[in-house]
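Here is the structure we will look at, set down as structure tokens.
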Amino acid sequence: MRTVPRKAKSTTAGMKRKRAAAPGAKDTLAAAIAVSAGAVSSVGGALSGKAAASGKDAPATESTPAARDVLGSDGTPSAGNVTDATTPTPKSNRPTRVATKRRYTIADYPGFDDEDFEHDLADSSDEVEDEEGAVRTSKKRKVSSPKKRNEPKPFPFLLLPAEIRNTIYAYTLTTENDIRIEAKTRASRRVAMLQAPNDRSKRASFLPALLATNRQVYQEAASVLYSQPLIFIDAYGLYSFLAQIGSARPLVKSITLENMIHGRSMHKHCNHSAFTLLIGCTSLKRIRLGRGAISWGRTTSRIARHFYREAHYWLEDVGRQKGRRDAAIDLIEFTEEAQGRLVAAADARWYYPGSSHDMDLEKARQAEEEFLADLTGML
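For the sequence shown, UniProt numbering assigns the number 379 to the last residue and increments by one with no breaks.
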């Protein structure tokens with residue numbers, strides 16, 4: 001009979017006390033014994049197979065001291081025969097410790113077919129698997145270049161017949177109102193601009209900016225605009241306009257100059273410059289002088305002398321072109337208010353605006369003749 005060492009006995013006694021203290025310790029101990037018995041049986045089977053291969057009889061598992069201690073006579077685990085794991089045993093009979101393998105969780109995925117890997121460039125999609133294993137397909141938006149805005153195409157105006165274009169020019173470049181032009185300063189430049197009418201409804205139908213479309217439109221329509229009667233507020237506006245239109249001066253046919261600059265104004269030089277630029281207006285048929293274009297004077301000869309001082313270059317050039325020295329006299333006319341000032345100068349009295357309503361027409365005609373005669377004598 002094998003005696004249990006003192007250390008093992010004390011260990012067994014301690015285990016009994018722990019089992020008595022913990023109600024569930026008995027079940028845990030029985031499970032541990034069963035695992036140990038299974039390990040011993042596995043080792044014994046391995047040794048038997050090795051011995052059979054070498055031609056020797058393998059020792060029986062039951063004859064192993066550890067096996068007899070663990071198992072009872074009927075082969076069941078016995079709690080009283082359990083020895084401590086640290087109890088020394090013969091080296092040849094000690095069971096070999098087998099390292100347990102670490103278990104890994106293996107995920108099970110649904111199988112894939114070759115068709116799942118086909119990629120369609122025209123209609124690609126992303127497959128997303130939900131919790132139940134169903135596959136949701138979301139189509140990708142096709143990548144396309146940004147669409148260009150449909151910009152409005154310009155109307156082929158120049159492809160219209162010439163008769164239709166001329167009709168359009170007549171509608172847009174003529175007006176029933178007076179075309180009044182004055183000098184302005186825009187972007188540090190002196191320019192001639194239209195004096196807008198008070199009635200805004202009449203502005204939309206008159207579009208002189210049409211001349212700025214292109215060169216062909218300007219050449220076709222400039223004569224329609226410039227051949228109309230043009231009214232200038234003062235000599236400064238006339239000078240700015242003639243300098244601005246340049247080579248289109250021969251198209252001008254009728255001019256009304258309401259005021260000339262008198263006194264010591266800084267723009268007084270525009271009187272002489274404006275009449276000098278009139279030399280290029282070879283098609284001019286009439287120039288009307290307003291009340292402000294007649295200087296203050298007590299006699300018509302003094303008024304004629306002042307006018308000749310400002311316009312002598314133009315007067316002489318017209319005479320050379322027409323072949324007659326006083327040919328420019330035929331182009332000069334006077335407004336009703338200007339006639340009133342001439343009559344006042346002929347009668348040696350002061351003229352004030354509004355007094356022309358009672359003016360004698362015969363006196364007005366005589367005053368004009370005196371002025372033109374004095375002007376002709378200076379040529």
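Glycine included, every Cβ here is placed at the ideal spot set by N, Cα and C.
- In this structure, A192 is the residue among W296, A192 and A222 with its C-alpha nearest to the C-alpha of A235.
- Sequence-distant partners of M378 (beyond 5 residues in either direction) whose C-beta falls short of 6 Å from its own C-beta, in its chain, are Y308.
- DSSP places M378 in the helix class (H, G or I) of the three-state scheme.
- For E258, the closest alpha carbon among the candidates A328, S265, G246 and G237 is that of G237.
- DSSP, read as helix, strand or coil, puts I332 in strand.
- The continuous alpha helix (DSSP H) containing V217 extends over residues R215 to Y226.
- Contact check for L194 against Y169 fails: the beta carbons are separated by 9 Å or more.
- Across the structure, T256 and A162 are spaced so that their CA atoms are roughly 32 Å apart.
- The C-alpha of L160 is placed about 46 Å away from the C-alpha of D326.
- The beta-carbon distance between Y239 and S273, rounded to whole angstroms, is 5 Å. This is short enough to meet the 8 Å contact definition.
- Contact between R341 and I294 holds, since their C-beta atoms are separated by about 5 Å, short of 8 Å.
- In the structure shown, L242 falls within a helical segment according to DSSP collapsed to helix, strand and coil.
- A direct Cα-Cα distance of roughly 8 Å separates A248 from A222.
- Between the C-alpha atoms of A364 and Q339 there is a straight-line separation of about 6 Å.
- When DSSP reads this structure, R180 sits in a beta bridge with I231.
- Excluding residues up to 5 positions away in sequence, R325, D326, A327, A328 and L379 lie with their Cβ nearer than 8 Å to the Cβ of G319 in the same chain.
- In this structure, the straight-line span from the alpha carbon of L315 to that of P152 is close to 53 Å.
- Considering only F334, L278 and K322, the residue with the shortest C-alpha distance to H312 is L278.
- At a Cβ-Cβ threshold of 9 Å, M260 and G280 do not count as neighbours.
- At a Cβ-Cβ threshold of 9 Å, I287 and E333 count as neighbours.
- For the set V217, Y171, R215 and T185, the Cα lying nearest the Cα of L207 is the one of Y171.
- Nearest C-alpha to N177 among H306, D347, D360 and S205: S205.
- For A311, the enclosing alpha helix (DSSP H) has its first and last residue at T300 to K322.
- If you draw a straight line from the Cα of I181 to the Cα of I233, it is about 6 Å long.
- Counting only the Cα atoms, F275 lies some 7 Å from E310.
- For E163, the enclosing alpha helix (DSSP H) has its first and last residue at A162 to L173.
- Burial of I245 is indicated by the presence of at least 16 other C-beta atoms within 10 angstroms of its C-beta.
- In this structure, V224 sits near T174, with a CB-CB distance shorter than 9 Å.
- Under DSSP, G292 shares a beta bridge with N259.
- Per DSSP, the continuous alpha helix (DSSP H) segment holding L277 begins and ends at H269 to L277.
- Listed as beta-bridge partners of R365 by DSSP are no residues whatsoever.
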